[in-house]
Amino acid sequence: MAPRTRTSGLLSTLQRKGRLPIWAQISWRVLFVLALLGLAIAVHWFERDGLRDTYDGAVSFLDVVYFTMISITTTGYGDITPVSDRARLFDALIVTPIRVFAVLVFLGTAYSFVLRRTWYRWRMAYIQRNLNDHIVIAGYGTSGQGAVSELLAHGTDPSCIVVIDMNNAALDKAKALGCNIIQADATRDRTLEDVRIDRARAMIISAGRDDTSILMVLTARHLAPDLSISVAIRNEDNELPARQAGATTVINPVSFTGLLLATSTHGANISDYLADLASTHGRVRLVQRPVRSDEIGHPLTRGPKTIGLRIYRNGRPHGFWESEAQALEADDIIIEILPTMEEERHSS
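Residue numbers for the sequence shown follow our numbering, beginning at 916 and rising by one.
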């Protein structure tokens, strides 16, 4: 997916996680409100001659505290009232804004630390319980981010993607795309159970270390025997252990890069076409699909906008030139080349 650029004149600001713990954030808010109350009490005390007590006619310090608290938390009871111009002006311009501000502070605190957290946890638990037919991404480094970008470019709903990583900064990037995220260790049973690995459509593993990736494969395979697992392996010697661990597809980025480099020596256009096939942003794309009922018994053919390359029958590949591809069967899987959606729109 191409990076998005800002075209508006809005200023982007830096953000980072707050350093203060929750108790400290609540404490400074309470102290700030108490300081405002203290200020109001002090001014009312020095201007007590502008107040009138209808009960006994005398305004004591306790009366001032009472009047200030009642004025800030309610509209007052009328037993003590400001009568001088200065007292009324202070109540109108200072006490009323303090009242509004104190209410907003406490409501904001309640929302931030109680309501929002409760709602967020309930919503995440609900999403977690209802995860189904989703794609799990274990490791959100360069390869993991590239995989998510390609999935989104293919039209995958980001809410159907669950990203597992231990790095907060990486998870923030995935969250910004709309993906579900969990900060946890994908080699542990509990983590994969939490993301409902047994109900997932597929899993993509790119941990950055082959031993960690293979351990993730083992963990996922014993929890989800039928899950499609694709893993990136950097060392060629570890490709076989990854398959033995249960990986459905093993991809070696180093080998693929070497393939493109070697192919380019025989013609730059060949490597360009291979890269085109591997990317969503090219003119053509590879598609895997089950055989349709109207194709059973017919050969793997070329359509006006499709080229059939290979079929998989009982797990074994057969090229378009082989006899098996001359009569398609019910459980065959077809690999074909199609133009990208953008190219189809241009041609139509």
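Ideal Cβ positions, reconstructed from N, Cα and C, are used throughout, including at glycine.
Fair warning: this is a prediction, and the values are worked out from it, not measured in the lab.
Where residue i and residue j are concerned, what is the direct C-alpha to C-alpha distance, given to the nearest angstrom?
i                  : j              : result
leucine 966        : serine 942     : 33 Å
alanine 1264       : aspartate 1080 : No information on residue 1264 is available, as it lies outside the stretch 916 to 1263 that the chain covers here.
tyrosine 981       : histidine 959  : 11 Å
phenylalanine 947  : isoleucine 987 : 14 Å
arginine 963       : threonine 983  : 11 Å
aspartate 1113     : cysteine 1075  : 15 Å
glutamate 1108     : arginine 1116  : 14 Å
proline 1214       : glutamate 1239 : 9 Å
arginine 1228      : cysteine 1094  : 35 Å
threonine 1255     : glutamate 1065 : 13 Å
arginine 1207      : aspartate 1246 : 9 Å
leucine 1253       : leucine 1019   : 58 Å
phenylalanine 1016 : valine 974     : 27 Å
Can you name, in chain order, every residue of its own chain whose Cβ lies under 7 Å from the Cβ of residue i, other than the five neighbours on each side?
i                 : result
valine 1205       : The amino acid occupying residue 1205 in the given sequence is proline; valine does not appear at that position. So the qualifying residues of the chain are Ile1248.
glycine 1161      : Val1132, Leu1133, Arg1136, Ile1144
valine 1165       : Val1146, Ile1148, Glu1154, Ala1157, Arg1158
proline 997       : Gly965, Leu966, Arg1003, Asp1006
phenylalanine 976 : Trp960
leucine 1130      : Thr1102
Would you decide whether residue i is buried or exposed? Buried here means 16 or more other CB atoms lie within 10 Å of its CB.
i               : result
glycine 1182    : exposed
isoleucine 1185 : exposed
histidine 888   : Coverage of the chain is limited to positions 916 through 1263, which leaves residue 888 absent and any answer about it impossible.
aspartate 971   : exposed
leucine 1192    : exposed
arginine 919    : Caution applies to arginine 919, whose pLDDT of 39 falls short of 50 and renders its modelled position unreliable; the value that the coordinates give is listed next. Exposed is the call here.
tyrosine 1055   : buried
alanine 1089    : buried
aspartate 1125  : buried
Which one of the options has the shortest CA to CA distance from residue i?
i               : options                            : result
serine 1128     : Ile956, Leu1224, Gly1059           : Gly1059
isoleucine 1222 : Thr996, Ile1009, Leu1201           : Leu1201
valine 1110     : Asn1150, Leu951, Trp1037, Asn1045  : Asn1045
asparagine 1047 : Met1118, Gly1061, Arg1001, Asp1246 : Met1118
alanine 1122    : Thr969, Lys1220, Asn1167, Asp1087  : Asn1167
arginine 1105   : Leu1138, Asn1150, Leu951, Asn1082  : Leu1138
asparagine 1083 : Ala1099, Asp1072, Gly1218          : Ala1099
Within a Cβ cutoff of 6 Å, which residues of the same chain sit near residue i, ignoring the five residues on either side of it in sequence?
i              : result
glutamate 1210 : Leu1243
arginine 1225  : Pro1232, Gly1234, Ile1250
valine 1078    : Ile1052, Tyr1055, Ala1089, Cys1094, Ile1096
Please tell me whether, using a cut-off of 6 Å, the distance from the CB of residue i to the nearest non-hydrogen atom of the ligand NAP is below it.
i            : result
glycine 1061 : With respect to the ligand NAP, the structure offers nothing, as it holds no ligand at all.
Under 7 Å, Cβ to Cβ, is there at least one residue of chain E near residue i?
i             : result
cysteine 1075 : Absent from the structure is chain E; it holds one protein chain and no more.
Between which residues of its own chain and residue i is the CB-CB distance below 8 Å, once the five residues before and five after are set aside?
i            : result
alanine 1062 : Ile1052, Ile1119, Ser1121
arginine 931 : Legend: pLDDT at arginine 931 = 38, less than 50; position of this residue unreliable, value from coordinates given subsequently. Within the same chain, arginine 931 has no close Cβ partners at all.
- Message: Which runs of the alpha helix (DSSP H) at least 4 residues long sit entirely within the segment 947 to 1010? Give them in chain order.
- Response: 976 to 988, 1000 to 1005
- Item | Ordered list of alpha helix (DSSP H) runs contained in the segment 1042 to 1116, each at least 4 residues | 1057 to 1068, 1083 to 1091, 1104 to 1109
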